[in-house]
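In what follows, a structure is listed as structure tokens, so that the remarks can point back to it.
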Amino acid sequence: MSDGRMDDGLPEEMAHGSPSERRRPAPPLSAGWRWGFPAVVAVLVLWSGWLLMDGLGTILDSEEGRTREAVTDQSAPGFEAFVEQTWSMLVVTEDAAGELVQVAVIAATDRTGGGGTVLLVPSEASASGCAAQPCRLVDRHREGGVETVRASVTELMGVGVTGTALLTPTRWENLAGASPAVVVELPGDLVATAADGTSVVRFPAGTVAVAPAEVVDLLGFVDDVGGMDRLARQREWWTGWMGQIGVGDPAANLPALDLDLVHLLVTVATGPVRVITSPWAVDGSSMVVDGTALDDLVVAMFPFPVPLVPGRLPTVRLLNGTGDPSLDAPAREAVLRAGVELAVVGNYRHDGAIQTRVIHRDPAQAEAANALAALLGAGVIFDEMASPVADLTVVIGADFRPAG
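Residue numbering for the sequence shown follows this note's numbering, beginning at 237 and increasing consecutively.
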């Protein structure tokens, strides 16, 4: 029977305490805790905020992470800009039968100031990739059309182009018809053989005004084994035509067509124009190129070349540290000869750099940096804090010596 005890023998009120004892409040905190703890928390918050602001200030004031205002003066120290690839087109000419007559590579020197180069590539130029030999551009064209010609010519030059245009006799007539007929000097009659076997003088010797409808006939006329005479006629016609376009307002000497080729011709004809045929030489039924001469020409034609395969070559940020703008072009050409992709050009953050140097931030680019430095006669620096906009940074110093 119950006697008011728990199993352990203690009275129930002793085991659990009386109701008044269970409701007794905890003693109040001391004044130190009530005011000291919040004060400590407030101090910690203020201190952490000060540390944060101080750290940000240190970063912003540091050399590696310094915030700078944009420099828009191209001659000022610190100016940098991503390159705008050279405006260029591959112009393929076909005759009425669809045979390849000529290839011209047109490149603008300056999109604003105008001028440029027309490189004439003969249809007999040696190529690779044909099903049979000999392998020439005309053979590549027969197998795959304009795209195979573009692939062969760009591979030969080692750079790409920004566009391609196909010109037929009718298109040439429209394109050349907006300006006066081009006059050429022929050393001898150009005699064609008619279908019945009779000979016909197609273009007489002497001064000849080539009508727009006759342009492709002149460009494609074959009268010699190697094609050098035809190449010379093509050069004379292109020189005369580009001169005609450049008289007065170039846009008025071309058809009012919204075509990339027309816009490019207007830009090129605005300034000095070179028409080049020199890299080619006869080799049997083909024409071969002087590789060194072509490399020099391509570097001059394409200040900011289009890479054949984007991302395959190391990218370069080129900075002039001398304050002498006359070194911009020689430095650019020297870097391009090293087989790299130019991504950014500009000026070092201050003039007076003494030593030319190649800087890389990734150990994987050490080999490329050393190779480029060897060609430039420069030193190599590894800097993890270098700009990430390109694989390599080249700073041109006072010790830089242009080629030649």
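Beta carbons: idealized from backbone N, C-alpha and C, even for Gly. Please read these numbers as outputs of a predicted model, since none were measured by experiment.
- In the structure shown, Ala333 falls within a coil segment according to DSSP collapsed to helix, strand and coil.
- Close CB contacts of Ser324 within its chain, under the 6 Å cut and outside five residues either way in sequence, are with Ala343, Val397 and Thr398 (chain order).
- For the set Leu495, Cys371, Pro566 and Leu530, the Cα lying nearest the Cα of Ala401 is the one of Leu495.
- Between Pro543 and the set Gln310, Val319 and Ser311, the nearest pair of CA atoms involves Val319.
- Every unbroken stretch of the beta strand (DSSP E) spanning 3 or more residues and falling wholly within the stretch 306–372 is given here in chain order: 316–318, 324–330, 336–344 and 352–358.
- In this model, Met523 and Leu530 are separated by some 14 Å (Cα to Cα).
- The three-state secondary structure of Arg585, taken from DSSP, is coil.
- By the neighbour-count criterion, in which 16 or more other beta carbons inside 10 Å mark a residue as buried, Leu493 falls on the exposed side.
- Relative to Ala332, the option among Leu500, Thr404, Val389 and Leu490 whose CA is nearest is Thr404.
- For Gly456, the enclosing alpha helix (DSSP H) covers residues Val451 to Gly456.
- Within the stretch 398–434, the runs of beta strand (DSSP E) at least 3 residues long that lie entirely inside it are, in chain order, 400–403, 418–422 and 426–429.
- Per DSSP, Asp619 lies in no alpha helix (DSSP H) and is assigned neither H nor E.
- Apart from sequence neighbours up to five positions away, no residue of its chain approaches Ala431 with a beta-carbon distance below 8 Å.
- Taking C-beta atoms as the reference points, Leu533 and Leu422 fail to come closer than 8 Å.
- Residue nearest to Ala312 within the set Arg386, Met537 and Gly557 is Gly557 (criterion: CA-CA distance).
- Within the DSSP secondary-structure output, Asp519 pairs in a beta bridge with Ser522.
- Along the length of the stretch 498–582, whole beta strand (DSSP E) runs at least 3 residues long occupy 509–512, 516–519, 522–525 and 551–556, reported in chain order.
- Here DSSP, grouped into helix, strand and coil, assigns Leu493 to coil.
- With contacts defined by Cβ atoms closer than 8 Å, Val337 and Glu330 form a contacting pair.
- Listed as beta-bridge partners of Ala445 by DSSP are Val419.
- The alpha-carbon separation between Val511 and Gly588 amounts to approximately 39 Å.
- Where Ile595 is concerned, the enclosing beta strand (DSSP E) starts and stops at Arg593 to His596.
- Under the three-state reduction of DSSP output, Arg637 falls in the coil class, being neither helix nor strand.
- The DSSP-derived three-state label of Gly396 is strand.
- Trp474 places its beta carbon 8 Å or farther from that of Val446.
- The three-state reading of DSSP puts Val374 in helix, counting H, G and I together.
- When secondary structure is reduced to three states using DSSP, Val389 falls in the helix class.
- In the structure shown, the three-state DSSP call for Val483 is coil.
- The DSSP-derived three-state label of Val625 is coil.
- Looking at the backbone, the Cα of Met478 and that of Ala361 are separated by about 24 Å.
- With a beta-carbon spacing of about 6 Å, Val580 and Glu316 fall inside the 8 Å limit used to define contacts.
- When C-beta atoms of the stretch 628–640 are compared with those of the stretch 544–555, three or more pairs fall below 8 Å, so the two segments count as touching.
- In this structure the stretch 409–420 touches the stretch 448–456; the number of beta carbon pairs closer than 8 Å is three or more.
- Among the bridge pairs identified by DSSP, Ile632 is matched with Asn556.
- Bridge partners of Val382 according to DSSP: none are assigned.
- Around the beta carbon of His586, fewer than 16 other beta carbons lie within 10 angstroms, which makes this residue exposed.
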